[in-house]
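One structure is given here, and the rest of the page talks about it.
Residue numbers (my numbering): 1094 to 1456.
Here it is as structure tokens:
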């Protein structure tokens, strides 16, 4: 989307603000496009609300209450920090994506009268976006509008901007990508990924089911940073049909090489896979705030374009994952149809449309 903003206004001045935990990753991502764009850290905190806990459990859990209390002061600090930065810089418009770091920035924008554009990727609106939507100039959504309660006059369904490299691969491109990843281009490739930080339970189930999965095809497991050493200890060496990676920078090539992808139900990941038209097995994390991954996955399960697995059931019986993979491989006609329909959810012009919406807020 930065590229699209620059195409609309070549002399636009851009800054990227994020929380400290995303700082290094943001510098890498933004820097890969333009290393002159400043990446600045904003103090922020989040309200921890776990879908699997009751209200009483939230209140009676001392460490949880303490973290929520201390983070509330971080939000206040982030508000004053944002206000000072905005007074000093005075941008014409602010764009936020709904993470908890956006709350203090959005509140400061409201106080200073700076136009605010928000984008909600998840099918379930998060707390930050529900608050900021009250005074947002424009609101964009990643899923169809029926999943949201935002004011219709200010809201538009644009989809989720994804890198243009996420597109359907031809058979030749897929075979070439498989060779690049060191697996047999003639065998189905199953890619399992839990995102940048990884997903411990998904990693563990994959390891337990590895013998059965490798009978179905080659397997590449992206563990994430936190559990890589543990997984590598259990599987010390890569083989011709099983590869273990901590992190992948060129994810579009890996996913493009795949025949089946097993992943969490993060909104952006889902739309990247839709753009690639990949047969997908979603394993939503039910514990996350508001159950947003469950609601994301439900959209695509209802449309019959992806298989959704219950994580607890899969952990109890890892063969549940194996059966889901086999269901795709054993019925290629249905699999191809589902993948094609899945591609219909991709919005190839989302980045361009989002850039136009941001610019329109200036008026």
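Positions of the beta carbon are idealized from the N, C-alpha and C atoms, including for glycine. Bear in mind that the values here come from a model prediction, so they are computed numbers and not experimental data.
By alpha-carbon positions, which one of the options ends up nearest to residue i?
i	options	result
residue 1362	1219, 1214, 1114 and 1102	1214
residue 1375	1268, 1284 and 1227	1284
residue 1396	1437, 1425 and 1234	1437
residue 1432	1125, 1251 and 1369	1369
residue 1227	1236, 1245, 1238 and 1428	1245
residue 1338	1325, 1349 and 1208	1325
residue 1299	1443, 1408 and 1229	1408
residue 1270	1350, 1389 and 1250	1350
residue 1394	1377, 1410, 1224 and 1327	1377
residue 1192	1184, 1219 and 1210	1219
residue 1234	1391, 1197, 1189 and 1196	1189
residue 1342	1125, 1094, 1309 and 1108	1125
residue 1241	1176, 1379, 1308 and 1212	1212
Flag this pair as yes or no: are the beta carbons of residue i and residue j separated by less than 8 Å?
i	j	result
residue 1253	residue 1360	yes
residue 1172	residue 1201	yes
residue 1186	residue 1422	no
residue 1355	residue 1366	no
residue 1264	residue 1415	no
residue 1352	residue 1372	yes
residue 1286	residue 1315	yes
residue 1121	residue 1168	no
residue 1440	residue 1251	yes
residue 1047	residue 1135	What is shown of the chain runs 1094 to 1456, which leaves residue 1047 out entirely.
residue 1448	residue 1209	no
What separation, rounded to the nearest whole angstrom, lies between the Cα atoms of residue i and residue j?
i	j	result
residue 1247	residue 1323	48 Å
residue 1274	residue 1199	42 Å
residue 1096	residue 1305	44 Å
residue 1119	residue 1336	27 Å
residue 1268	residue 1281	10 Å
residue 1259	residue 1115	23 Å
residue 1442	residue 1249	14 Å
residue 1111	residue 1206	21 Å
residue 1420	residue 1426	11 Å
Run through DSSP, which three-state label would residue i get?
i	result
residue 1115	helix
residue 1345	helix
residue 1102	coil
residue 1385	helix
residue 1230	coil
residue 1110	strand
residue 1126	helix
residue 1330	coil
residue 1351	coil
residue 1133	strand
residue 1336	strand
residue 1172	helix
residue 1277	coil
residue 1495	The requested residue 1495 is not part of the displayed model; the chain covers only 1094 to 1456.
residue 1311	strand
residue 1476	A query on residue 1476 cannot be resolved here, the shown segment of the chain reaching from 1094 to 1456 and no further.
residue 1450	helix
Since residue i and residue j are thought to touch, with beta carbons under 8 Å apart, how far apart are those beta carbons, to the nearest angstrom?
i	j	result
residue 1123	residue 1132	6 Å
residue 1179	residue 1451	Incorrect: roughly 16 Å between the Cβ atoms, too far for contact.
residue 1276	residue 1334	7 Å
residue 1357	residue 1320	14 Å between Cβ atoms; not a contact.
Using a Cβ-Cβ cut-off of 8 Å, state whether residue i counts as contacting chain D.
i	result
residue 1198	The structure shown contains no chain D, having only a single protein chain.
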